[in-house]
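Asks:
In the numbering used here, the protein residues as written are 31 to 149.
1. So is residue 88 buried or exposed if we call it buried at 16+ other beta carbons inside 10 Å?
2. Using alpha carbons as the reference points, say which of 108, 105, 81, 43 lies closest to residue 114.
3. Among the residues of its own chain, which have a CB less than 6 angstroms from the CB of residue 117, if the five just before and after it don't count?
4. Between residue 133 and residue 106, how many whole angstroms is the CB-CB distance? I'm expecting something under 8 angstroms.
5. Which stretch, first to last residue, makes up the beta strand (DSSP E) that contains residue 63?
6. Look at the Cβ atom of residue 38, then the Cβ atom of residue 137, and state whether they are nearer than 8 angstroms.
7. Output the boundary residues of the beta strand (DSSP E) element that contains residue 107.
8. Anyone know if the C-beta pair for residue 84 and residue 52 falls short of 8 angstroms?
9. Could you tell me the boundaries of the beta strand (DSSP E) in which residue 98 lies?
10. Give me, in chain order, the residues of the same chain whose beta-carbon lies closer than 8 angstroms to that of residue 146; leave out the 5 immediate sequence neighbours on both sides.
11. Would residue 131 pass as a contact of residue 109 if the rule is Cβ separation under 8 angstroms?
This is the structure:
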């Protein structure tokens, strides 16, 4: 199971590194996925989470990077640290460091938690 989850995580990270966030979500999120940003209420359902992501991406003027570090797997979970960098339409340059903990079931993400700060 760990090898399969790690292989799928690496496929997902390949999409994220190209800025293909929606494609990653469409491919790997289960229909009943739950995602949660630290300090915020969870969001449930692939359609809702994709709609929220599309809205967030509308504010991005330039995608610079998404780089994953310290990748691992254990049981039904994968873990990684990442650095995301982008510019917003209102001129902000954002660098965000995050840790992501993902729970997999039947090859799909059923739960994902993001722990981050802005540098």
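Note that CB positions come from ideal geometry on N, CA and C, so glycine has one too.
Nothing here was measured: the structure is a model prediction, and the numbers come from that model.
Replies: If we stick to the structure as given:
1. Flag for residue 88 reads exposed.
2. 43
3. 91, 92, 123
4. A Cβ-Cβ distance of about 6 angstroms is found for the pair residue 133 and residue 106, placing them in contact under the 8 angstroms criterion.
5. In the DSSP annotation of this structure, the continuous segment of the beta strand (DSSP E) that includes residue 63 starts and ends at 59-67.
6. yes
7. 107-118
8. yes
9. 90-104
10. Contacts found: 67, 68, 126, 127, 128, 129.
11. yes
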